[in-house]
Amino acid sequence: MKVKKLFKGLLSSAILTGLMATFVQSAKAEPPPITKEEMEKASKIYFDRCAGCHGMLRKGATGPALTPENLKKRGLNTEAIESFIYYGTPGGMPDWGRQGVLSKEEINLLARFLQHEPPPPPLLSWEKIKESWKVYVPVEERVKKPQNKNWRNFFGVILRDVGKVAIIDGTTKKLVSIVDTGFAVHILRTSASGRYMYSIGRDGKATVIDLWMKKPSKVAEIKVCYDARSIDTSKYKGYEDKYAVVGCYWPPSFVILDGETLKPITRHATSDYYYDTKDFVREARVASIVASHYDPSWVLNIKEAGQVWLVDYSKVDKGSIKIDMIDAERYLHDGGWDLSKRYFLVAANMRNKIVVIDTKDKELEAIVEVGTKPHPGRGANISHPKYGPIWCTGHIGENRIACIGTDPKNHPQYAWKVVKWIKLPGEGGGNLFVKTHPNSKYLLADRPLNPNPDLQRSIFVYDKYSFKLVKTLKIPEKYKKVRAVHEEFNKDGTEFWISVWGKKNQPTAILVYDAKTLKLKKEISGDWIRTPTGKFNVYNTMKDIY
Ligand code: DHE
199 MKVKKLFKGL LSSAILTGLM ATFVQSAKAE PPPITKEEME KASKIYFDRC AGCHGMLRKG
259 ATGPALTPEN LKKRGLNTEA IESFIYYGTP GGMPDWGRQG VLSKEEINLL ARFLQHEPPP
319 PPLLSWEKIK ESWKVYVPVE ERVKKPQNKN WRNFFGVILR DVGKVAIIDG TTKKLVSIVD
379 TGFAVHILRT SASGRYMYSI GRDGKATVID LWMKKPSKVA EIKVCYDARS IDTSKYKGYE
439 DKYAVVGCYW PPSFVILDGE TLKPITRHAT SDYYYDTKDF VREARVASIV ASHYDPSWVL
499 NIKEAGQVWL VDYSKVDKGS IKIDMIDAER YLHDGGWDLS KRYFLVAANM RNKIVVIDTK
559 DKELEAIVEV GTKPHPGRGA NISHPKYGPI WCTGHIGENR IACIGTDPKN HPQYAWKVVK
619 WIKLPGEGGG NLFVKTHPNS KYLLADRPLN PNPDLQRSIF VYDKYSFKLV KTLKIPEKYK
679 KVRAVHEEFN KDGTEFWISV WGKKNQPTAI LVYDAKTLKL KKEISGDWIR TPTGKFNVYN
739 TMKDIY
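Residue numbers (this note's numbering): 199 to 744.
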């Protein structure tokens with residue numbers, strides 16, 4: 199009975215029944231044996247697959263704490279932990295075993311590893327960061343004007359597990375170049391001018407690609423941390439393309455770089471006190487970052503501490519930065535601008551809330567209660583005839599999209615309230631990204647984390663004014679065991695692109711749909727398309743259009 203209560207809400211009943219037999223409830227049990235070599239191997243697997251959600255120190259964030267003490271308290275033995283890793287949970291933990299990402303042996307190794315104290319994670323010296331800095335094309339040797347006329351409609355496509363970024367011409371749909379970026383690039387962002395595209399990998403390696411070159415390639419790179427998810431640049435007037443900033447998960451910090459060469463300039467720790475309990479949190483990681491349109495500052499979301507930092511970069515060259523720290527809510531993750539680009543809306547995902555930051559007055563504007571585990575990506579902005587400007591987020595933990603009013607001046611009755619819940623078909627959540635474009639009448643939603651394989655390969659298309667489901671697009675059957683992930687429009691909003699996310703050994707495709715007829719217009723395919731995830735249109739990314 200006690201054990202059942204423990205897992206209620208975490209596991210579906212089928213999995214739960216399978217697990218019941220495996221629990222050992224002794225709190226005194228010794229951790230299972232593990233050799234030094236196994237410990238090292240397991241640390242690497244943990245870092246690659248688990249640290250993002252559970253934390254390097256295993257204290258928990260998007261996923262629960264995985265310290266030996268906590269596992270013991272929950273009565274979890276090796277077999278029970280193995281089952282979690284194999285099947286995942288409806289709450290959003292991937293089914294690493296069922297997907298074939300981790301073998302039975304690796305799962306057993308991880309399960310044993312988790313019952314031991316986590317090894318202390320390494321720090322990274324400034325000297326080592328400087329040593330990793332490489333400039334492939336010095337600024338003075340770079341081309342003076344764009345060599346491709348369509349460059350503003352290029353797409354950067356992350357080929358995650360092969361450590362590359364593909365640059366595809368959005369007009370001709372031809373592959374322009376493939377750039378080696380290193381392990382598991384997470385996101386791409388562009389500079390204010392759009393000329394430079396930046397990648398950041400899970401391994402903390404930042405790369406800058408010059409899109410003006412005939413064959414865009416990386417012109418500089420640097421490794422600034424061991425684990426990172428975010429990067430952006432200085433976009434305020436007078437500072438265009440001047441600086442880049444990387445948000446690190448480990449060591450918890452942000453690092454400021456020269457925008458054109460990535461020369462390291464300075465870094466600051468983000469370990470802090472929780473905004474609410476005021477207790478110290480060593481692993482206070484930097485989640486999303488955006489560049490303010492109101493002044494020379496970046497918005498940095500300090501995940502565990504639950505604070506939003508507005509970092510003024512105007513005096514970086516004088517060795518000084520100013521930070522406004524705003525108490526918000528814990529476990530800040532991803533987010534995007536409202537239509538006016540004054541308010542930044544960010545998910546506090548384990549608190550089922552959206553935090554709204556006013557970047558003009560530099561204060562907390564509102565906290566909005568939404569559904570279970572909101573995951574907006576950057577969200578979707580709609581100018582609605584009744585509600586005025588609204589911003590929408592999907593959820594990992596449930597099958598609804600929440601749209602929030604964002605105009606306190608002209609539509610105060612709707613501001614910072616959920617004005618519309620849109621129901622997604624079928625059971626469970628698993629939505630990661632929603633997207634629209636000012637020239638499109640559709641709102642798109644994917645479902646890659648839903649346990650149902652049919653929903654995983656579907657894109658749901660809604661009329662963005664009536665909120666009615668118009669069509670469900672399905673990845674063609676010839677692509678086996680794949681998920682539809684991340685939607686991105688082209689520059690003028692006449693088409694949208696979807697990634698067919700498979701395994702590393704399986705070439706897949708980018709599907710291009712006509713944004714009016716919703717017909718599949720083109721399959722961009724080839725042996726080189728492997729594990730495509732995020733796609734970023736240069737113009738839309740540089741102008742924050744979503
Ligand atoms: Fe992401 C955005 C962190 C898992 C694909 N992801 C982000 C951002 C953060 C983040 C903080 C916002 C960056 C910004 O805007 O500055 N993501 C994390 C994790 O910690 C997490 C949960 C687990 C992990 O270990 O990484 C995680 N993310 C994933 C995936 O599994 C996805 C689907 C594939 C992958 O690359 O691993 C994935 N995340 C993305 C994408 C974006 C993103 C494509 C950018 C969306 C956009 O349109 O801006």
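All residues carry an ideal CB built from backbone N, CA and C; glycine is no exception.
By how many angstroms is the C-alpha of A249 removed from the C-alpha of E228?
24 angstroms
Selection from S281, E303, R655 that minimises the alpha carbon distance to G700
R655
Below 8 angstroms, can you find three or more Cβ-Cβ pairs linking the region 709-729 to the region 331-349?
These segments do not touch.
Integer Cβ distance of I454 from R387, believed to fall under 8 angstroms:
Wrong, their Cβ atoms sit about 15 angstroms apart, outside the cutoff.
Pick from A707, R480, H573: whose alpha carbon is nearest that of R645?
H573
If you measure between the beta carbons of D408 and V417, is that distance less than 7 angstroms?
yes
I want to check one thing, is the minimum distance from the CB of H593 to the heavy atoms of the ligand DHE below 6 angstroms?
no
With hydrogens ignored, establish whether the beta-carbon of A485 is closer than 6 angstroms to any heavy atom of the ligand DHE.
yes
For V553, collect the residues of the same chain with a Cβ closer than 6 angstroms to its Cβ; drop the 5 residues on either side in sequence, then sort them by chain order.
A526, E527, V544, A546, I565
Quick check on D439: buried or exposed, where buried means 16 or more other Cβ atoms within 10 Å of its Cβ?
buried
Quick check: what's the CA-CA separation for A225 versus Y472?
Confidence in A225 is poor, its pLDDT being 47 and thus under 50, which makes the residue's placement too unreliable to answer from.
Ignore the nearest five residues each way along the sequence and tell me which others in I743's own chain have a CB closer than 6 angstroms to its CB.
Nothing listed; no residue qualifies.
Checking the sheet assignment: what are the DSSP bridge partners for Q505?
I500, D525
Here's a check: name, in chain order, each residue in its chain whose Cβ is nearer than 7 angstroms to the Cβ of S638, leaving out the five neighbours to either side.
F687, G691, A713
Does DSSP put E438 in a helix, a strand or coil?
coil
Can you grab the Cα-Cα spacing for the pair H593 / L630, in whole Å?
7 angstroms
Extent of the continuous beta strand (DSSP E) to which N637 belongs:
First-last for N637: undefined, no H or E at that position.
Are the Cβ atoms of R728 and V497 separated by less than 7 angstroms?
No, these two residues do not count as a Cβ contact at 7 angstroms.
Nearest CA to the CA of K720: which residue from F282, K558, G368, H252?
G368
Since W324 is in the alpha helix (DSSP H), which residue starts that stretch and which ends it?
For W324, the uninterrupted alpha helix (DSSP H) run begins and ends at 324-330, by DSSP.
For D515, three-class secondary structure by DSSP:
helix
Using 8 angstroms as the threshold, is the region 604-613 in touch with the region 534-544, meaning 3 or more CB pairs across them?
Verdict: yes, contact present.
So which of T591, K516, L508 has the shortest CA-CA distance to G534?
T591
Per DSSP, what kind of secondary structure is P730 in: helix, strand or coil?
strand
In its own chain, which residues sit with a C-beta less than 7 angstroms from the C-beta of E236, not counting the 5 before and 5 after it?
L307
Nonlocal neighbours in the same chain, by C-beta distance under 6 angstroms from E561, ignoring five residues either side
none
Determine the burial state of K435: buried for a count of at least 16 other Cβ atoms within 10 Å of its Cβ, exposed for fewer.
exposed
Over what stretch of residues does the alpha helix (DSSP H) that includes P705 continue unbroken?
No alpha helix (DSSP H) holds P705; the beta strand (DSSP E) holding it covers 705-712.
Delimiting residues of the beta strand (DSSP E) encompassing P462:
462-467
Less than 6 angstroms between C-beta atoms, sequence neighbours within five positions excluded: which residues of the same chain meet that for D482?
The identity of residue 482 in the sequence shown is Ala, whereas the question assumes Asp. Contacts found: P450, T468, S469, D470, I500, E502, A503.
By the three-class DSSP mapping on this structure, what secondary structure does E567 have?
strand
Return yes when the Cβ of A259 is within less than 7 angstroms of the Cβ of F311, no when it is not.
Taking 7 angstroms as the Cβ cut-off, F311 and A259 do not qualify as a contacting pair.
DSSP three-state call for M740: helix, strand or coil?
helix
Among all the DSSP beta bridges, which residues are the ones paired with W695?
E686, V710
When you measure from the CB of G732 to every non-hydrogen atom of the ligand DHE, does any distance come out below 6 angstroms?
yes
Which of helix, strand or coil does DSSP assign to G425?
One detail in the question is off: residue 425 reads as Asp in this sequence, not Gly. It is a strand residue.
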